[in-house]
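Q:
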Amino acid sequence: MTERCEHCGAANRPRANFCAGCAAKLPGFAATGPSALELLDATAPRASAAAARADGAPGIQNDMALLPRRLVVGGLLLAIGFMAWYLYVTRAVDAVAVPARDGPIALQPAFQAIGSLEPQLDALPGVSAGARAAAARTAGTARVAAAAPVDDAAETVARFYRALSAGDGATAAGYVTPAKRGQGPLSGAAMTAFYGGLAEPLAIRSVRQLEAEVVEARYSYRATRTLCEGRALITMESPAPGATIRSISANC
Ligand SMILES: [Zn+2]
């Protein structure tokens, strides 16, 4: 099973491409790549190739000529499909178009008329007597009435702190000079808010007059956790009788 070379007669292994003795091509030579085309050209009859080129009917050239025609047909189909899609979409939009209104648009109010906003506490079934009293007290702090004149300045201060013990800022403000009882830290609202909300209410320790217009008060209260052991110097607007509190200087 050896391949014998035609040129030199050397024996080669089976299916060898080149002769081991003279390097010539053996009959079993099979080229790859471009040389295969060369081989085809060399072996094909030149007359038939020329004839095929002349009439152009069979062979590779005919398939190549078909390719552009297929491209044209494909492009035409795409264009027709696009036009059909476009017509369909525009028709669909026309069909969905908003219908014309018969008359003007009537704007509805966001809410209907609301009744009187004035509170009618008595009409509310869920309001307790205590809540009504608190509401009345809150409303009363706006207009503070002066307390009845007291002969003694110390007595005025004692009544002032007694009202604070009860958390009644409105009554306490009645002993404050008129210029300061309307607003600020000595106003009824401010004193009610603070002394009315203590964790431990104010308790009076002592009240004594130091000078004609100065009274000292000692008290204690607890706003949060810290106990206040208070000492205050209260300056009166004028000497008794009818003295009102002008200012208070205190440690707490
Ligand atoms: Zn050879």
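Numbering-wise, my numbering puts 175 at position 160 of the sequence shown, and it's gapless, one number per residue. Glycine included, each C-beta is placed from N, C-alpha and C at the ideal position.
1) Cβ of G43 within 7 Å of any heavy atom in ligand 1?
2) Measure the alpha-carbon distance for D167 versus P256 and round it to whole angstroms.
3) Less than 7 Å between C-beta atoms, sequence neighbours within five positions excluded: which residues of the same chain meet that for Y210?
4) For S202, is the classification buried or exposed, using 16 other Cβ atoms within 10 angstroms of its Cβ as the cut-off for buried?
5) With DSSP as the reference, identify every bridge partner of M251, one or two as the case may be.
6) With respect to the alpha helix (DSSP H) encompassing S221, which residues constitute its N-terminal and C-terminal limits?
7) Should the region 256-267 be regarded as contacting the region 187-203, the criterion being three or more beta carbon pairs within less than 8 Å?
8) Can you tell which of P254, A238 and I95 has its C-alpha closest to the C-alpha of A169?
9) Nearest-angstrom Cα distance between F33 and A39?
10) What residue range is occupied by the uninterrupted beta strand (DSSP E) comprising V229?
11) Using a strict less-than 6 Å threshold between each residue's beta carbon and the heavy atoms of ligand 1, what residues do you get?
12) Am I right that I249 and V172 are in contact with their C-beta atoms under 8 Å? What's the rounded C-beta distance?
13) Report yes if the CB atom of M251 is closer than 8 Å to the CB atom of V230, and no otherwise.
14) Which residues in the same chain have their Cβ closer than 7 Å to the Cβ of Y101, if we skip the five residues on either side of it in sequence?
15) With the cut-off set at 8 Å, would you say Y234 and Y176 are in Cβ contact?
16) Closer than 8 Å by C-beta to S131: which residues in its own chain qualify, once you throw out the five before and the five after it? Chain order, please.
17) Could you pull the DSSP bridge partners for L242 from this structure?
18) Which residues bound the alpha helix (DSSP H) around G212?
19) From R223 to A232, what distance separates their C-alpha atoms?
20) Taking C-alpha atoms, which residue in G189, R174, P200 and A208 lies nearest to A149?
A: With the structure as the only source:
1) The answer is no for G43.
2) Their Cα atoms are separated by approximately 6 Å.
3) L179, G182, G184 and L217
4) Its Cβ being crowded by 16 or more others within 10 Å, S202 is buried.
5) I260
6) Careful: S221 lies outside any alpha helix (DSSP H), inside the beta strand (DSSP E) at E215 to Q224.
7) Segments in contact, yes.
8) P254
9) 5 Å
10) V229 to R237
11) C20, H22, C23, A25, C34, G36, C37 and A39
12) 5 Å
13) yes
14) none
15) yes
16) Note that S131 scores a pLDDT of 43, beneath 50, so its modelled location is shaky and nothing firm can be said.
17) R237
18) Neither: G212 is in no alpha helix (DSSP H) and is coded neither H nor E.
19) 7 Å
20) A208
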